[in-house]
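Presented below is the structure to which this report refers.
Protein chains: 2
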Amino acid sequence: MSKAHNTADMAVFGFFNEVGIINQLSTTLLATCLPDGVHPSHFAIINHLVRMGDEKSPVRIAAAMQVTKNTMTHSLKVLSERGFIEVGPDPEDGRGKIVKLTYAGRAFREDAIKRVTDRFSVIVQPEHRDIMQKTLGDLVVIRRLLDENR
Amino acid sequence: MSKAHNTADMAVFGFFNEVGIINQLSTTLLATCLPDGVHPSHFAIINHLVRMGDEKSPVRIAAAMQVTKNTMTHSLKVLSERGFIEVGPDPEDGRGKIVKLTYAGRAFREDAIKRVTDRFSVIVQPEHRDIMQKTLGDLVVIRRLLDENR
DNA sequence: CTTGATTAGTTCGATGTCATACTAATATAA
DNA sequence: TTATATTAGTATGACATCGAACTAATCAAG
Numbered sequence: 002m003s004k005a006h007n008t009a010d011m012a013v014f015g016f017f018n019e020v021g022i023i024n025q026l027s028t029t030l031l032a033t034c035l036p037d038g039v040h041p042s043h044f045a046i047i048n049h050l051v052r053m054g055d056e057k058s059p060v061r062i063a064a065a066m067q068v069t070k071n072t073m074t075h076s077l078k079v080l081s082e083r084g085f086i087e088v089g090p091d092p093e094d095g096r097g098k099i100v101k102l103t104y105a106g107r108a109f110r111e112d113a114i115k116r117v118t119d120r121f122s123v124i125v126q127p128e129h130r131d132i133m134q135k136t137l138g139d140l141v142v143i144r145r146l147l148d149e150n151r
Numbered sequence: 002m003s004k005a006h007n008t009a010d011m012a013v014f015g016f017f018n019e020v021g022i023i024n025q026l027s028t029t030l031l032a033t034c035l036p037d038g039v040h041p042s043h044f045a046i047i048n049h050l051v052r053m054g055d056e057k058s059p060v061r062i063a064a065a066m067q068v069t070k071n072t073m074t075h076s077l078k079v080l081s082e083r084g085f086i087e088v089g090p091d092p093e094d095g096r097g098k099i100v101k102l103t104y105a106g107r108a109f110r111e112d113a114i115k116r117v118t119d120r121f122s123v124i125v126q127p128e129h130r131d132i133m134q135k136t137l138g139d140l141v142v143i144r145r146l147l148d149e150n151r
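Sequences listed follow chains F and V, in order.
With our numbering, letter number 132 in the first sequence gets 133, and the count goes up by one each step, no holes.
With our numbering, letter number 35 in the second sequence gets 36, and the count goes up by one each step, no holes.
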């Protein structure tokens with residue numbers, strides 16, 4: 002009864018195992034579409050700022066990206082040196098900062114999106130898109146479950 | 002038409018996005034079930050050796066874990082220092098080495114599995130298990146797709 | 001047998017990420 | 001108002017991972 006290897010647990014382990022492999026392979030594939038020195042996590046930050054709006058504080062971006070504040074400090078430094086963002090003080094909070102996308106940042110994102118889309122389009126066929134679309138809702142349920150229990 | 006933001010692409014991006022978040026949250030959760038200094042990737046190696054059989058070469062384990070050889074060298078050093086594995090020479094190949102599980106390694110794995118199962122069992126409810134089981138086959142299809150195109 | 005190519009494992013340097021601890025500014029409570 | 005607690009961002013050190021270069025051993029071609 003307390004045996005750890007029942008079928009229900011196996012399904013759970015198998016699920017997370019497949020998720021882990023898919024994540025690794027897709028991230029690696031994404032990385033090949035980005036210029037040297039730009040990590041997938043950097044792309045994710047730019048992408049987030051474009052989609053959800055910039056002018057956010059580092060701590061808010063860190064929460065959205067699910068990384069720690071110091072990781073975000075580091076990532077923002079890289080993006081700033083690349084000229085993709087500008088980090089200025091928050092006029093309403095002396096402690097805070099405000100991250101703003103530059104034109105170069107938006108252009109980089111457009112370019113990267115195009116390369117990524119092209120790259121994936123030769124691999125992902127319509128039947129795979131159907132699978133992803135069909136599965137997406139279930140993944141959201143599991144993601145929310147984990148998000149609420151961390 | 003070459004617009005990058007059509008609904009099909011959105012489903013693909015959304016899928017990989019959810020997969021990434023689930024992977025991060027589940028890995029973090031798993032990490033809390035492991036003793037200090039034992040990384041989830043270390044647990045994965047031990048787990049693999051128990052399930053698929055030990056007495057494998059580092060390069061084969063690296064391929065199975067989808068990491069580079071040097072990463073495996075590092076991980077095996079950690080596991081060896083912990084006494085979970087023993088690394089000896091390959092009598093049939095002067096270049097190679099053979100990784101062997103110790104009793105302590107197997108005991109660690111049993112203990113970790115128990116803690117992980119207990120931890121997840123209070124979060125993952127039957128309806129979530131159903132979702133994972135239902136989704137598993139689809140995830141395998143996508144995983145294979147990426148595996149064949151890397 | 002000898003030479004060139006491949007493979008196993010390691011070393012080195014770089015990078016992303018985290019935990020802990022710290023400073024500075026804001027918010028709350030007495 | 002003053003003291004305490006909380007929050008934003010940074011600094012430091014640690015670790016997992018990677019790519020490139022290296023050594024040693026095996027394999028393959030002549």
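Just so it is clear, CB atoms sit at the ideal spot from N, CA and C, and this is done for glycine as well.
| How about L50/F: is its C-beta nearer than 8 Å to some C-beta of chain V? | Your numbering for residue 50/F matches position 49 in the first sequence. Taking Cβ atoms only, chain V never reaches closer than 8 Å to L50/F, which makes this a no.
| field | Neighbourhood of A91/F by C-beta, 7 Å cutoff - its chain only, sequence neighbours within 5 removed | value | Taking the first residue of the first sequence as 1, we reach residue 91/F at position 90. Here the sequence assigns Asp to residue 91/F, which means Ala is not the residue at that position. Once the five neighbours on either side are set aside, the close Cβ partners of D91/F are S58, G97, K98 and I99.
| query | Cα-Cα, which of R145/V, V79/V and V141/V is closest to G15/F? | reply | Translated into positions along the first sequence, residue 15/F becomes position 14. Nearest Cα to G15/F within the set R145/V, V79/V and V141/V: V141/V.
| So what does DSSP say about G15/V, is it helix, strand or coil? | Taking the second sequence and counting its residues from 1, one reaches residue 15/V at position 14. In the structure shown, G15/V sits in a helix (DSSP, three-state: H, G or I).
| request: Out of V123/F, T74/F and R145/F, state which residue places its alpha-carbon closest to the alpha-carbon of D10/V. | output: Within the second sequence, the letter at position 9 stands for residue 10/V. Comparing Cα-Cα distances from D10/V to each of V123/F, T74/F and R145/F, the minimum goes to V123/F.
| task | Measure the alpha-carbon distance for H129/V versus D148/V and round it to whole angstroms. | result | On the second sequence, residue 129/V is found 128 positions in, with the first residue counted as 1. On the second sequence, residue 148/V is found 147 positions in, with the first residue counted as 1. Approximately 27 Å between the Cα atoms of the pair.
| query | Alpha carbon to alpha carbon, how far is N150/V from I23/V? | reply | Within the second sequence, numbered from 1, the residue matching residue 150/V stands at position 149. Within the second sequence, numbered from 1, the residue matching residue 23/V stands at position 22. If I take the Cα positions, the gap works out to 23 Å.
| message | At the level of alpha carbons, what is the spacing between I86/F and L77/V? | response | The count along the first sequence starts at 1 and reaches residue 86/F at position 85. The count along the second sequence starts at 1 and reaches residue 77/V at position 76. Near 40 Å, if we compare the C-alpha coordinates of L77/V and I86/F.
| task | Following the continuous alpha helix (DSSP H) through G106/V, name the residue where it begins and the one where it ends. | result | Translated into positions along the second sequence, residue 106/V becomes position 105. Counting along the chain, the alpha helix (DSSP H) containing G106/V begins and ends at Y104 to S122.
| Secondary structure at D37/V, three-state DSSP: helix, strand or coil? | Working through the second sequence from its first residue, we reach residue 37/V at position 36. Note: D37/V maps to coil in three-state DSSP.
| task | Would you decide whether G95/V is buried or exposed? Buried here means 16 or more other CB atoms lie within 10 Å of its CB. | result | Stepping through the second sequence from its first residue, residue 95/V is reached at position 94. Label assigned to G95/V: exposed.
| field | Within chain F, the residues that E19/V reaches when beta carbons sit closer than 7 Å | value | As a first step, residue 19/V is located in the second sequence; it is residue number 18 there, counting from the start. Within 7 Å Cβ-Cβ: L137, L140, V141 and R144.
| request: Following the continuous beta strand (DSSP E) through P92/F, name the residue where it begins and the one where it ends. | output: To locate residue 92/F, count along the first sequence from 1; it is residue 91. P92/F -> no beta strand (DSSP E), and no H or E assigned at all.
| said: If you measure between the beta carbons of L31/F and L102/F, is that distance less than 8 Å? | reply: As a working note, residue 31/F is residue 30 in the first sequence. As a working note, residue 102/F is residue 101 in the first sequence. Cβ distance not < 8 Å, so L31/F and L102/F don't count as in contact.
| query | Taking any Cβ of chain F, which residues in the region 12 to 36 of chain V have a Cβ under 9 Å from it, in chain order? | reply | Near chain F, meaning a CB-to-CB distance below 9 Å, the residues of the region 12 to 36 of chain V are A12, V13, F14, G15, F16, F17, N18, E19, V20, G21, I22, I23, N24, Q25, L26, S27, T28, T29, L30 and L31.
| For the region 35 to 43 of chain V against the region 28 to 47 of chain F, are there 3 or more C-beta pairs whose distance is under 8 Å? | no
| message | Could you tell me the alpha carbon to alpha carbon distance between T74/V and I62/V, rounded to whole angstroms? | response | Counting from 1 along the second sequence, the entry for residue 74/V is found at position 73. Counting from 1 along the second sequence, the entry for residue 62/V is found at position 61. In a straight line, the C-alpha of T74/V is about 10 Å away from that of I62/V.
| task | Provide the residue(s) that pair with K98/V in DSSP beta bridges, ordered along the chain. | result | Numbered from 1 along the second sequence, position 97 holds the residue referred to as residue 98/V. Partner(s): P90/V.
| Of all the CB atoms in chain V, is at least one closer than 8 Å to the CB of R151/F? | Working through the first sequence from its first residue, we reach residue 151/F at position 150. Answer yes: the Cβ-Cβ gap between R151/F and chain V drops below 8 Å somewhere.
| Distance between beta carbons of R120/F and I47/F, contact taken as under 8 Å | For the purposes of this step, residue 47/F is taken as residue 46 along the first sequence, with counting starting at 1. For the purposes of this step, residue 120/F is taken as residue 119 along the first sequence, with counting starting at 1. Rounded, the Cβ-Cβ distance is 18 Å, inconsistent with contact.
| field | Opening and closing residue of the alpha helix (DSSP H) in which D139/F lies | value | For this step, residue 139/F is matched to residue 138 along the first sequence. Where D139/F is concerned, the enclosing alpha helix (DSSP H) stretches over P127 to E149.
| message | Could you check whether the Cβ of L147/F sits closer than 8 Å to any Cβ belonging to chain V? | response | The residue labelled residue 147/F in the question sits at position 146 within the first sequence. Interface residue, yes.
| field | Pair within 8 Å by beta-carbon distance, V20/F and V13/V | value | In the first sequence, counting from the first residue as 1, residue 20/F sits at position 19. In the second sequence, counting from the first residue as 1, residue 13/V sits at position 12. Contact flag unset, no.
| In this structure, what does DSSP give as the bridge partners for K57/V? | Looking up residue 57/V in the second sequence gives position 56. In the DSSP output, where bridge partners are listed per residue, K57/V has V100/V.
| request: Give me the Cα-Cα distance between R52/F and D131/V, rounded to the nearest whole angstrom. | output: Here residue 52/F refers to the residue found at position 51 of the first sequence. Here residue 131/V refers to the residue found at position 130 of the second sequence. Spanning the two alpha carbons is a distance of roughly 33 Å.
| query | If you draw a straight line from the C-alpha of T118/F to the C-alpha of P127/F, how long is it? | reply | Against the first sequence, residue 118/F aligns to sequence position 117. Against the first sequence, residue 127/F aligns to sequence position 126. Going from the Cα of T118/F to the Cα of P127/F covers about 14 Å.
| Between which two residues does the alpha helix (DSSP H) carrying N71/F extend? | Taking the first sequence and counting its residues from 1, the one referred to as residue 71/F is at position 70. K70 to E82 is the span of the alpha helix (DSSP H), which, as asked, contains N71/F.
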